[in-house]
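What follows is a set of notes on a single structure, which appears directly below.
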Amino acid sequence: MNKKSWGLCLILIGSGFFYSLNMDDSLNLEWVKANQKPLEVYYQANGLTVMAGFVALFLLIGLFLLPGATILSVCSGAVFGLPLGPLLVSLGSTLGAMLAFFIARTILRDWVEEKFGERLQPIHVGLRENDIHYMLVLRLVPLFPFFLVNIAMGASQISWKVFMFGTLLGKLPATWVYANAGSQLTTLRSLSDITSPGVLGAFTLLGLLALTPVFYKRMQKKY
287 MNKKSWGLCL
297 ILIGSGFFYS
307 LNMDDSLNLE
317 WVKANQKPLE
327 VYYQANGLTV
337 MAGFVALFLL
347 IGLFLLPGAT
357 ILSVCSGAVF
367 GLPLGPLLVS
377 LGSTLGAMLA
387 FFIARTILRD
397 WVEEKFGERL
407 QPIHVGLREN
417 DIHYMLVLRL
427 VPLFPFFLVN
437 IAMGASQISW
447 KVFMFGTLLG
457 KLPATWVYAN
467 AGSQLTTLRS
477 LSDITSPGVL
487 GAFTLLGLLA
497 LTPVFYKRMQ
507 KKY
């Protein structure tokens, strides 16, 4: 079995295992509310272990395209509070994204380029001159799937440092919003209260603002 096959098998097996646990069904707002106190007590008694486990969980979510990221981000605010909750989520998500990025860059690179090469060309062109700005847009705007961005960037020429910084900074606003909602869990009635069109629109606006320097450069060249 070649490197490409091993990489695909690793991701598929990991994803299949966790989906078989019905995480999407068992992890919901009611579960967080019911388990907030026991989780807080366990965290008080085993602080570093719980924090490390939470980071590892988000690493797996980022690596294997697992469900539950939103509700667990809410849970981070309920258990750890601010600012620790969103920082742990961001750390774990970024580590998972980095692993997926390096797998795509090494083991799966030929496969990604073969399958998506033409569709990735516009992204590659933009990244050559404005890598950090485009990276922030891909993370801030909720239209771009987290896992697919990891794979696409792994097949690009973007440096791992820019990818890491863009992921860490770009995911922080959404993570903070979810964790903040979790820190006020008793008043939260539904996840739709967080993911309202207004909130999603605000993230999109942040993404467009990240492109402001790009537009400015183009205007300078044109005029």
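Residue numbers for the sequence shown follow this note's numbering, beginning at 287 and rising by one. Note that beta-carbon positions come from the ideal geometry of N, C-alpha and C, so glycine has one too. Given the structure is predicted, the values throughout are model-derived calculations rather than measurements.
Exposure of residue i, with buried meaning 16 or more beta-carbon neighbours within 10 Å
i: Gly493; result: buried
i: Pro372; result: buried
i: Ala338; result: exposed
i: Val423; result: buried
i: Asp449; result: Residue 449 is actually Phe in this sequence, not Asp. Its Cβ being crowded by 16 or more others within 10 Å, Phe449 is buried.
i: Thr392; result: exposed
i: Phe430; result: exposed
i: Thr245; result: Within the shown structure, residues of the chain are numbered from 287 to 509, placing residue 245 beyond reach of any answer.
i: Phe489; result: buried
i: Ser476; result: exposed
i: Leu491; result: exposed
i: Ser478; result: exposed
Contact check, residue i vs residue j, beta carbons under 8 Å
i: Met439; j: Phe388; result: no
i: Leu368; j: Leu345; result: no
i: Ala364; j: Gln322; result: yes
i: Val341; j: Leu377; result: yes
i: Tyr399; j: Ala441; result: Checking the sequence shown, residue 399 turns out to be Glu, not Tyr. Against a cut-off of 8 Å, the Cβ pair of Ala441 and Glu399 comes out as a contact.
i: Leu413; j: Ile444; result: yes
i: Val485; j: Val463; result: yes
i: Ile347; j: Leu315; result: no
i: Thr473; j: Ala383; result: no
Nearest neighbour of residue i, chosen from the options [CA to CA]
i: Ala496; options: Val336, Gln443 and Ile418; result: Ile418
i: Gly333; options: Leu370, Leu351 and Ala320; result: Leu370
i: Leu349; options: Gln443, Leu477, Leu434 and Ser362; result: Leu434
i: Ser359; options: Phe432, Gln443, Val318 and Trp446; result: Val318
i: Glu326; options: Ser469, Tyr420 and Phe451; result: Ser469
i: Leu374; options: Ala390, Thr335, Leu351 and Pro353; result: Thr335
i: Tyr328; options: Pro353, Leu352 and Phe366; result: Phe366
i: Trp446; options: Ser478, Leu343 and Ala390; result: Ala390
i: Phe451; options: Glu404, Ser362, Met421 and Leu343; result: Met421
Given 8 Å, three or more beta-carbon pairs between the region 408-417 and the region 456-467: no
message: Which runs of the alpha helix (DSSP H) at least 4 residues long sit entirely within the region 392-474? Give them in chain order.
response: 395-426, 432-440 and 446-469
message: Just to confirm the assignment: which complete alpha helix (DSSP H) runs, minimum length 4, are found wholly within the region 340-394?
response: 355-366 and 370-392
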